Amino acid sequence: MSGLANLAWTCIIVAIFLALPASTSAYNVTYGQSSRKFISGSQSHNASFSLTQIRNPKWKPRETSTTAVYAAEFLKHKVHMPEDLRIAWEELKSHDDQSSNSSIHPRVGGQLVRYSDGQYVFPVTIGTPKQTLNLIFDTASGDFWVWSWLMPIDMLQNRKYYNGSASSDATPWDGQSWGATYAVGSNYGIVWQDIVWIDAIGVAGNPIECSQGVSNWFASLPGVDGVLGLSYAYNDSEKPEPQQTWITYILPLLATPVFTVSLVRNGIGIIDFGFIDQKKYIGSIAYTPITIIPGGGAFWAFNWTGFAIGSDRFNRTNIQVMTDTGGNISMMPESIANRYYKLVVGSYKQVDGAWIFPCKATLPNFVFGVGSSRIVVAGKNFILTNLPDGINCIGGIQSREEDTYVFLSIPFMQSIFVVHDYGNMRMGFANRTWV
Numbered sequence: 005m006s007g008l009a010n011l012a013w014t015c016i017i018v019a020i021f022l023a024l025p026a027s028t029s030a031y032n033v034t035y036g037q038s039s040r041k042f043i044s045g046s047q048s049h050n051a052s053f054s055l056t057q058i059r060n061p062k063w064k065p066r067e068t069s070t071t072a073v074y075a076a077e078f079l080k081h082k083v084h085m086p087e088d089l090r091i092a093w094e095e096l097k098s099h100d101d102q103s104s105n106s107s108i109h110p111r112v113g114g115q116l117v118r119y120s121d122g123q124y125v126f127p128v129t130i131g132t133p134k135q136t137l138n139l140i141f142d143t144a145s146g147d148f149w150v151w152s153w154l155m156p157i158d159m160l161q162n163r164k165y166y167n168g169s170a171s172s173d174a175t176p177w178d179g180q181s182w183g184a185t186y187a188v189g190s191n192y193g194i195v196w197q198d199i200v201w202i203d204a205i206g207v208a209g210n211p212i213e214c215s216q217g218v219s220n221w222f223a224s225l226p227g228v229d230g231v232l233g234l235s236y237a238y239n240d241s242e243k244p245e246p247q248q249t250w251i252t253y254i255l256p257l258l259a260t261p262v263f264t265v266s267l268v269r270n271g272i273g274i275i276d277f278g279f280i281d282q283k284k285y286i287g288s289i290a291y292t293p294i295t296i297i298p299g300g301g302a303f304w305a306f307n308w309t310g311f312a313i314g315s316d317r318f319n320r321t322n323i324q325v326m327t328d329t330g331g332n333i334s335m336m337p338e339s340i341a342n343r344y345y346k347l348v349v350g351s352y353k354q355v356d357g358a359w360i361f362p363c364k365a366t367l368p369n370f371v372f373g374v375g376s377s378r379i380v381v382a383g384k385n386f387i388l389t390n391l392p393d394g395i396n397c398i399g400g401i402q403s404r405e406e407d408t409y410v411f412l413s414i415p416f417m418q419s420i421f422v423v424h425d426y427g428n429m430r431m432g433f434a435n436r437t438w439v
């Protein structure tokens with residue numbers, strides 16, 4: 005964390021509205037010039053609220069290559085791809101460089117699929133007067149970026165976007181820029197500051213990454229207006245000064261410094277802030293300390309104590325795991341992915357290394373250990389999407405190299421209850437009744 009020192013913040017005002025407009029109070033926080041500090045204060049606050057996803061009103065399935073789907077998580081986190089995927093990805097990029105219709109071309113062995121990401125989003129309002137955008141909330145990112153008025157006008161047709169010049173509370177942050185890599189291409193731009201409202205909490209002076217360009221991956225997502233990262237400490241995509249994330253600004257205002265995630269397959273998910281709803285899980289919550297991924301930033305990660313597939317015995321292995329509400333594929337060391345699909349009749353690897361199986365196949369449940377507890381994920385969650393033949397599907401579990409950490413993304417999150425406990429620097433997991 006020493007590299008986060010010497011940030012030149014002067015003041016951020018956090019305004020919190022907990023009841024009717026008549027109950028308004030202000031929370032002022034001053035930053036020293038010589039060191040970076042998280043928000044703290046002597047005032048006590050007891051905010052708690054639930055944020056419910058909405059069905060994206062502009063959503064429609066889009067076509068993309070299975071290779072791009074598989075590569076997305078590697079590109080997002082800047083980790084090494086398996087060789088088969090790397091070769092396929094380089095070929096896909098070469099093809100796209102020669103075409104204006106990027107990200108939808110199949111490779112030999114790759115296939116076009118109709119992909120459904122961006123179907124459910126969270127509403128966020130920015131500025132004065134308020135501008136409402138629909139965002140993806142991503143626990144494996146620190147970025148808070150939005151489509152903005154600074155982009156080419158032809159890209160803004162029929163889209164919602166943030167206009168800082170139309171907000172009386174917005175100011176440009178001179179010299180501050182940002183950049184983030186996603187599936188096909190990168191997002192980049194400059195940083196403005198403005199008031200950000202999520203439910204009844206407003207954070208004034210919140211850094212907002214205003215896009216000047218976005219990757220084809222996001223350009224082809226109608227109705228997704230940006231991403232709000234929920235990593236627990238900082239955002240190192242901004243230069244020259246890394247910044248805190250939105251969640252670290254509001255945590256001191258919450259009744260309890262936690263948030264929980266309850267996502268639903270093909271349905272509406274909920275994130276609760278400031279409290280733990282006992283009605284959302286069964287049994288007890290198993291807690292484990294947050295672990296640091298070397299070079300990986302302040303992500304929500306832990307060590308599982310083992311795993312089991314279907315009715316197989318429990319394998320006691322201490323593997324580091326990163327959780328990710330912004331990813332669509334869960335990445336496993338190759339030996340674990342191979343063991344999983346060995347139990348799926350008709351499964352095979354295509355040329356880019358992606359696991360494919362008959363859509364009618366019965367997929368085994370996946371169990372992972374948190375201490376002595378066992379958390380069970382429904383096998384049905386690992387059907388990512390159909391292939392064009394209408395018979396086979398691409399899997400929500402895919403391979404990465406051995407001796408590397410695991411990515412647990414949306415397919416896992418849709419079966420379990422996840423606690424992000426900032427106050428105690430730990431994560432909690434519990435089973436849920438499947439829907």
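Each residue of the sequence shown is one higher than the one before, counting from 5 in the numbering used here. Ideal placement from N, C-alpha and C gives every residue a C-beta, glycine not left out. Bear in mind that the values here come from a model prediction, so they are computed numbers and not experimental data.
Legend entry - 7 Å Cβ shell around Trp63 - same chain, five flanking residues per side excluded: Around Trp63: Gly122, Gln123, Pro226, Gly227.
Inset, instruction - Output the boundary residues of the beta strand (DSSP E) element that contains Ile294. - result: For Ile294, there is no enclosing beta strand (DSSP E), as DSSP marks it with neither H nor E.
Legend entry - Residues near Gly314 by beta carbon distance below 7 Å, same chain, minus five either side: A distance below 7 Å between beta-carbons, with the five flanking residues on each side excluded, links Gly314 to the following residues of its chain, in chain order: Leu347, Pro368, Asn369.
Inset, instruction - Compare the C-alpha of Gly230 against each of Asn307, Thr136, Tyr253 and name the closest. - result: Of the candidates Asn307, Thr136, Tyr253, the one whose C-alpha sits nearest the C-alpha of Gly230 is Thr136.
Inset, instruction - With a 10 Å radius around its C-beta and 16 neighbouring C-beta atoms as the bar for buried, classify Arg404 as buried or exposed. - result: Buried, by the Cβ-count rule.
Inset, instruction - Measure from the alpha carbon of Gln57 to the alpha carbon of each residue in Ile140, Ile130, Asn191, then state which is nearest. - result: Of all alpha-carbon atoms in Ile140, Ile130, Asn191, the one lying nearest the alpha-carbon of Gln57 is that of Ile140.
Legend entry - Local conformation of Ile420 per DSSP, three classes: If DSSP states are grouped into helix, strand and coil, Ile420 belongs with the strands.
Inset, instruction - Verify whether the separation of the beta carbon atoms of Gly209 and Gln197 is less than 9 Å. - result: Cβ atoms of Gly209 and Gln197: closer than 9 Å.
Inset, instruction - Taking only the alpha-carbon atoms, compute the straight-line gap between Trp308 and Val423 and give it to the nearest angstrom. - result: Taking the straight line joining both Cα atoms gives about 15 Å.
Inset, instruction - Just the C-alpha distance for Ser215 and Arg320, rounded to the nearest angstrom, thanks. - result: Roughly 45 Å separates the two Cα atoms.
Inset, instruction - Find the nearest neighbour of Ser413 within the set Phe361, Glu245, Val265, Lys364, judged by alpha-carbon distance. - result: Comparing Cα positions, the closest option is Val265.
Legend entry - Backbone secondary structure at Ser215 - three-state DSSP: The three-state secondary structure of Ser215, taken from DSSP, is strand.
Inset, instruction - Decide if Gly350 is buried, meaning its Cβ has at least 16 other Cβ atoms within 10 Å, or exposed. - result: Gly350 should be labelled exposed.
Legend entry - N- and C-terminal bounds of the beta strand (DSSP E) containing Arg378: In the DSSP assignment, Arg378 falls within the unbroken beta strand (DSSP E) covering 377–381.
Legend entry - Of the residues Ile297, Gln418, Ile212, Trp304, the one placed nearest Thr408, counting alpha carbons only: Taking only the C-alpha atoms, the option nearest Thr408 is Ile297.
Legend entry - Limits of the alpha helix (DSSP H) - the one that Ala72 falls within: 70–81 is the extent of the alpha helix (DSSP H) around Ala72.
Legend entry - Nearest-angstrom Cα separation, counted from Phe303 out to Tyr253: Computed Cα separation, rounded: 16 Å.
Legend entry - Residue burial classification, Gln402 (beta-carbon count within 10 angstroms, cutoff 16): For Gln402, the number of other beta carbons within 10 angstroms of its own is at least 16, and it is reported as buried.
Inset, instruction - Given a cut-off of 9 Å, decide if Val381 and Tyr291 are closer than it, judged by their beta-carbon atoms. - result: The answer is no: Cβ separation not under 9 Å.
Legend entry - Stretch-stretch touch, CB-based, cutoff 8 Å, three pairs: the region 234–253 with the region 143–160: They touch, by the three-pair rule.
Legend entry - Proximity test, Cβ basis, 9 Å: Asp425 and chain D: The structure shown has no chain D; it contains just one protein chain.
Legend entry - Backbone secondary structure at Pro415 - three-state DSSP: DSSP places Pro415 in helix when its eight states are reduced to three.
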